[in-house]
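Numbering (the numbering used here), first residue to last: 61 to 194. Note that beta-carbon positions come from the ideal geometry of N, C-alpha and C, so glycine has one too. Being a predicted model, the structure only gives us computed values, none of them experimental. Note sheet for the following structure.
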């Protein structure tokens with residue numbers, strides 16, 4: 061079969077052109093799939109961050125509403141009942157609130173570490189400039 065392809069120059073040219081088009085299409089397809097993968101990854105990251113933020117805000121606002129309602133009930137009633145006081149004292153933070161607190165503390169640590177490293181870089185650059193000028 062290869063003998064026939066090499067003997068007919070028109071067929072050989074068409075086969076080379078078909079291979080070139082095939083390679084171009086494969087290249088474009090890989091570019092499109094890479095772009096799509098980046099877009100989907102970004103969308104998932106953004107969606108996850110929004111969902112986490114929503115859950116954190118929602119969880120934090122629920123605890124405040126419960127405390128506000130309990131305080132309002134206490135102020136309305138002239139003598140608070142022992143049941144209302146024990147419910148307010150026994151209320152532990154939910155799992156999501158604990159996770160939120162940990163995420164906030166970890167984010168604070170990361171930001172402090174970044175700020176520390178940037179400050180160290182700045183001070184080193186400043187010392188290097190002083191040494192060069194001296």
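Beta-carbon gap between residue i and residue j smaller than 7 Å
{"i": "residue 119", "j": "residue 156", "result": "yes"}
Distance between residue j and residue i (C-alpha atoms, nearest Å)
{"i": "residue 107", "j": "residue 99", "result": "12 Å"}
{"i": "residue 173", "j": "residue 160", "result": "20 Å"}
{"i": "residue 164", "j": "residue 110", "result": "15 Å"}
{"i": "residue 104", "j": "residue 91", "result": "20 Å"}
{"i": "residue 192", "j": "residue 171", "result": "32 Å"}
{"i": "residue 73", "j": "residue 67", "result": "11 Å"}
{"i": "residue 75", "j": "residue 87", "result": "18 Å"}
{"i": "residue 117", "j": "residue 183", "result": "38 Å"}
{"i": "residue 77", "j": "residue 102", "result": "37 Å"}
{"i": "residue 189", "j": "residue 122", "result": "54 Å"}
Other residues of its chain near residue i: CB distance less than 7 Å, five sequence neighbours each side excluded
{"i": "residue 154", "result": "119"}
{"i": "residue 115", "result": "156"}
{"i": "residue 146", "result": "Since pLDDT at residue 146 reaches only 47, below the 50 mark, its modelled position is unreliable, and the value read off the structure follows with that caveat. Cβ within range, chain order: n/a, list empty."}
Under the three-state DSSP convention, the category residue i falls into
{"i": "residue 86", "result": "helix"}
{"i": "residue 69", "result": "helix"}
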